[in-house]
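Let me begin by presenting the structure, written as structure tokens, before commenting on it.
Residue numbers (this note's numbering): 1 to 226.
Spelled out as structure tokens, the structure:
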């Protein structure tokens, strides 16, 4: 049986100490792991997904605080990020892309304000660049893009996810992900359409229960795809 290697293109939600490239920022350091009842790397959503499908992690390319958009070396569309999904001579068979919540939270404009469609400062342009660069670097991999799931608060029962946090509705970002994935022959893990919610303590980052809920959503989507 051929071993399948997964790489993750993510942000703080997927970043956990001991799993990311050297110099990357993580959200789940030992303190935040403890706060969220996370004890092991295997508690992360992506580890659960990879284990479920009998795969192995290649690279967890997740940088805490990163948007897809931007000209920073750690922006999701950058050459640095999109070219670091392999481990030595091992290239990923599948790349799971789960980014966009930071762009939503910071109000990154969806569309370009100039005639250059590949503008990395817009979500549309940056996401397109990210997918194209991943495809150019790893032409044989399958790229699966996750739409952004909503959250709930573990300690505030009446807390509601902000559908329009910084001027642009979340579904506009998710629709952009769907459109660009289809345009570039990638697949979509449509967590939003499946109405996946996961538990947090801060509105963004999954707790142990949240990682389990997010993993179940991904597994449900990937079962249809893989």
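Every residue, glycine too, gets a C-beta built ideally from N, C-alpha and C.
What you are looking at is a predicted structure, and each value in this text was computed from that prediction instead of being measured.
By Cβ distance, which residues of its chain are closer than 6 Å to residue i, with the 5 residues on each side in sequence left out?
i, result
"residue 215", "45, 48 and 49"
"residue 128", "180"
"residue 80", "73"
Roughly how many angstroms lie between the CA atoms of residue i and residue j, to the nearest whole one?
i, j, result
"residue 183", "residue 15", "28 Å"
"residue 143", "residue 92", "10 Å"
"residue 84", "residue 71", "17 Å"
"residue 104", "residue 53", "30 Å"
"residue 222", "residue 145", "11 Å"
"residue 173", "residue 163", "11 Å"
"residue 131", "residue 139", "11 Å"
"residue 170", "residue 224", "24 Å"
"residue 90", "residue 177", "27 Å"
"residue 125", "residue 186", "16 Å"
"residue 119", "residue 167", "20 Å"
"residue 122", "residue 88", "32 Å"
"residue 210", "residue 188", "21 Å"
"residue 115", "residue 220", "Its pLDDT being 48, under 50, residue 115 is placed unreliably in this model, and the value from its coordinates should be taken loosely. Spanning the two alpha carbons is a distance of roughly 39 Å."
"residue 150", "residue 110", "19 Å"
Assuming contact is defined by CB atoms lying nearer than 9 Å, are residue i and residue j in contact in what I supplied?
i, j, result
"residue 108", "residue 68", "yes"
"residue 8", "residue 60", "yes"
"residue 64", "residue 26", "yes"
"residue 11", "residue 62", "yes"
"residue 137", "residue 86", "yes"
Based on the DSSP output, what are the partners of residue i in its beta bridges?
i, result
"residue 206", "200"
"residue 189", "146"
"residue 6", "57 and 94"
Between residue i and the rest of its own chain, which residues show a CB-CB distance below 7 Å, the 5 nearest in sequence each way excluded?
i, result
"residue 37", "207 and 208"
"residue 19", "41 and 60"
Quick one: what's got a C-beta closer than 8 Å to residue i's C-beta in the same chain, skipping five residues either side?
i, result
"residue 152", "159, 161, 197, 198, 199 and 200"
"residue 56", "3, 4, 5, 6 and 50"
"residue 17", "26, 28, 29, 30 and 33"
"residue 101", "11, 13, 148 and 204"
"residue 165", "104, 105 and 107"
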